[in-house]
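Take the sequence shown: its position 243, counted from the start at 1, is 243 in the UniProt record's numbering, and no numbers get skipped.
Each remark here refers to the structure printed beneath this line.
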Amino acid sequence: MPLDRIPGDDNLYIGSAFVVGQEKLLDSHKISHILSVLQYTPKEKADIAARPQTRPRTRIFVDVDDVEEEDLLVHFPRIVRFIDFGLASGNRDGDRDGGANDGGHAADGARNGAVYVHCAMGKSRSATAVIAYLLWKRPEQFRSAEGDGHDDGHDTPKATQRYPPAVAEDALRRALAFVRQARPLVEPNPGFMRQLVLWWHMGCPADAPDAVERRPAYQRWLYEKDVEESTRIGRAPGRLWFGDEAVATAPDNVDAGEDAGSQNDDVQNTPSSQTIQLRCKVCRRVLAGSQFIVPHDPPAQTQSTAACNHHFVEPLSWMRPTLEEGALEGRLVCPNTRCNAVVGRYSWQGFKCTCRAWVCPAFSLQPSRVDRIVVNSSASAGVKGTAPNLHNIRSPPGTKGPSKV
Numbered sequence: 001m002p003l004d005r006i007p008g009d010d011n012l013y014i015g016s017a018f019v020v021g022q023e024k025l026l027d028s029h030k031i032s033h034i035l036s037v038l039q040y041t042p043k044e045k046a047d048i049a050a051r052p053q054t055r056p057r058t059r060i061f062v063d064v065d066d067v068e069e070e071d072l073l074v075h076f077p078r079i080v081r082f083i084d085f086g087l088a089s090g091n092r093d094g095d096r097d098g099g100a101n102d103g104g105h106a107a108d109g110a111r112n113g114a115v116y117v118h119c120a121m122g123k124s125r126s127a128t129a130v131i132a133y134l135l136w137k138r139p140e141q142f143r144s145a146e147g148d149g150h151d152d153g154h155d156t157p158k159a160t161q162r163y164p165p166a167v168a169e170d171a172l173r174r175a176l177a178f179v180r181q182a183r184p185l186v187e188p189n190p191g192f193m194r195q196l197v198l199w200w201h202m203g204c205p206a207d208a209p210d211a212v213e214r215r216p217a218y219q220r221w222l223y224e225k226d227v228e229e230s231t232r233i234g235r236a237p238g239r240l241w242f243g244d245e246a247v248a249t250a251p252d253n254v255d256a257g258e259d260a261g262s263q264n265d266d267v268q269n270t271p272s273s274q275t276i277q278l279r280c281k282v283c284r285r286v287l288a289g290s291q292f293i294v295p296h297d298p299p300a301q302t303q304s305t306a307a308c309n310h311h312f313v314e315p316l317s318w319m320r321p322t323l324e325e326g327a328l329e330g331r332l333v334c335p336n337t338r339c340n341a342v343v344g345r346y347s348w349q350g351f352k353c354t355c356r357a358w359v360c361p362a363f364s365l366q367p368s369r370v371d372r373i374v375v376n377s378s379a380s381a382g383v384k385g386t387a388p389n390l391h392n393i394r395s396p397p398g399t400k401g402p403s404k405v
């Protein structure tokens, strides 16, 4: 079929670019909104706008290529709002963006619109857009039978929810199988699949056009992409990301630190009423807290019994002066200007721990130079309901987060 209808009550269709020029075919399916998820030149867009139509249709373009490195995730809020608004409202005169820049869901009521989502072949980009919408709109349909601990009675995920990666992957498999019922050839490329997992993991935030961009998990993902691309050509990344700053400036509806990364077994085995701090042995300055300690496991095939000689952590804002020098590797020194003791080392290209696990990039605080302290969470929490400002982060003006006093 040139275009296929997604199962369900809504008139949501997926297909190829061939269909958008077939006015009679679009009319026969009462298409009111078109989402084009592929690259068009300005001239092509002008030609499309000048093309006569048998009926008014609202159309938006998401200019992306079908390559693994493409960032389609950042467009998901706009995509899902456009689809939802189009399905709910049909066509409205003067509605040029089809609700793509409106926050939240379209108003309840009759859903008499028909939306056609396409890319070049109706295989990868358009399928990714449709799956992103389904995960956002019908999350209960794709949760595992056992549930994931987030069934709060709402029809859509909240931005405050955080889904474990394993649960996200399971939900994605279910959503992909569902779309294949309509169009068996759909196959998002591996990069888009990873972005869909992250989308669900974050709780499908779409309350604003920049809802994804403001998430620490997305910022971390961009940083990891840049690190991978930069180290491949033997240079330090141009984009610096710091875990503590991401948490300090997270949106109000995101729990501080929820996207800071998975904790290792050492942290997970610590009672919830306690937290771990890594402190400089010389001056006792806190260098990292539990949420910024990076897990690492030795390869499964090895039987190394060597103790880990590294505390691997996220890049943190106190490392900024060192990392801004642009070196591929170097030493980490205590940020206390009266101390300046060497506390570890870093390498953008990574290195092997004594337990034989490879960590990349690697920011290591050495046990011989730092103390691992277990403290009561209440003693380090600061203001109730906020993350402790362990690293004295000064938030940018007008943003949420702790300020240096």
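Yeah, the Cβ is synthetic: ideal placement off N, Cα and C, and Gly gets one too.
### Query
Going by other Cβ atoms of all chains shown within 10 Å of its Cβ, with 16 needed for buried, is Gly-234 buried or exposed?
Classification for Gly-234: exposed.
### Query
Contact between the segment 182-194 and the segment 111-118: three or more CB pairs below 8 angstroms?
no
### Complete alpha helix (DSSP H) runs within the segment 11-74 (minimum length 4 residues, chain order)
23-28 and 42-50
### Task
Would you identify the three-state DSSP class for Val-212, choosing helix, strand or coil?
coil
### Message
Can you tell me whether Ala-88 is helix, strand or coil according to DSSP?
### Response
helix
### Query
Under the three-state reduction of DSSP, which class applies to Asp-207: helix, strand or coil?
coil
#### Entry: Beta-carbon proximity check, Val-282 vs Ala-211, cutoff 8 angstroms
no
### Query
Exposed or buried, which one is residue 411 when buried takes at least 16 other CB atoms within 10 Å?
Here the chain comprises residues numbered 1 to 405, so residue 411 is not present and cannot be evaluated.
### Message
Nearest by alpha-carbon distance to Glu-224: which of Arg-215, Arg-59, Pro-237 and Ala-127 is it?
### Response
Pro-237
#### Entry: Touching by the beta-carbon criterion (3+ pairs, under 8 angstroms), the segment 33-42 and the segment 137-146
no
### Task
For the beta strand (DSSP E) containing Leu-365, list its first residue and its last residue.
362-365
### Task
Just tell me which of Ile-79, Glu-324, Arg-338 and Asp-9 has its CA closest to the CA of Ser-126.
Ile-79
#### Entry: Straight-line Cα distance separating Val-186 from Leu-278
Approximately 48 angstroms, taken between the alpha carbons.
### Query
By how many angstroms is the C-alpha of Val-343 removed from the C-alpha of Arg-369?
One alpha carbon belongs to Arg-369, the other to Val-343, and they sit about 5 angstroms apart.
### Task
Starting from the Cα of Asp-66, find the closest Cα among Ala-129, Gln-349 and Asp-27 and give me that residue.
Distances from the CA of Asp-66 to each of Ala-129, Gln-349 and Asp-27 were compared; the closest alpha carbon is that of Ala-129.
### Query
Quick one, which of Met-193, Ala-177, Phe-76 and Arg-174 has its alpha-carbon nearest Glu-69's?
Met-193
### Query
The beta strand (DSSP E) spanning His-118 covers which residue range?
114-118
### Message
Judging by CA-CA distance, which residue of Ala-132, Ser-317, Ala-248 and Asp-9 is the nearest neighbour of Leu-240?
### Response
Ser-317
### Task
Using the DSSP secondary-structure output, state which residues sit across from Thr-354 in a beta bridge.
Paired residue(s): none; Thr-354 is not in a bridge.
### Query
From Arg-111 to Ile-83, what distance separates their C-alpha atoms?
11 angstroms
### Message
What residue range does the beta strand (DSSP E) around Gly-330 cover?
### Response
329-333
### Query
In whole angstroms, what is the alpha-carbon distance linking Ala-46 and Phe-61?
12 angstroms
### Message
Counting C-beta neighbours from all protein chains within 10 Å, is the total for Ala-50 16 or more, i.e. buried, or is it exposed?
### Response
exposed
### Message
Strictly by DSSP, which residues pair up with Ile-233?
### Response
Bridge partners of Ile-233: none, in fact.
### Task
Along the alpha helix (DSSP H) that carries Ser-126, what are the first and last residues, could you check?
For Ser-126, the uninterrupted alpha helix (DSSP H) run begins and ends at 125-137, by DSSP.
### Message
Quick check on DSSP: helix, strand or coil for Arg-183?
### Response
coil
### Task
Specify, as a first and last residue, the run of the beta strand (DSSP E) that Arg-279 falls within.
Segment 274-280, the beta strand (DSSP E) holding Arg-279.
### Message
Assuming Leu-3 is part of the beta strand (DSSP E), what are its boundary residues?
### Response
3-5
### Message
Taking DSSP's pairing of strands, which residues face Ser-347 in a bridge?
### Response
Note: Ser-347 sits in a beta bridge opposite Glu-329 and Ala-362.
### Task
Counting only the same chain and skipping the five closest in sequence on each side, list residues whose C-beta sits under 7 angstroms from that of Pro-190.
The beta carbon of Pro-190 lies closer than 7 angstroms to those of Glu-68 in the same chain, with the five residues before and after it left out.
### Task
Hey, could you find the ends of the beta strand (DSSP E) Asp-371 is sitting in?
370-376
### Query
Got a sec? Which residues, its chain only, sit under 7 angstroms from Asp-226 by beta carbon, not counting five neighbours each side?
Pro-237, Gly-238 and Arg-239
### Query
Leaving out the 5 sequence neighbours to the left and right, which residues in its chain are closer than 7 angstroms to Gly-326 when beta-carbon positions are compared?
Ala-236
### Query
Roughly how far, in whole angstroms, is the beta-carbon of Ser-347 from the beta-carbon of His-311, given that I think they are within contact range, below 8 angstroms?
Not a contact, Cβ separation roughly 15 angstroms.
### Message
Please state whether the Cβ-Cβ distance between Thr-54 and Glu-23 is less than 8 angstroms.
### Response
yes
### Task
In angstroms with no decimal places, state the Cα-to-Cα distance between Pro-77 and Cys-334.
41 angstroms
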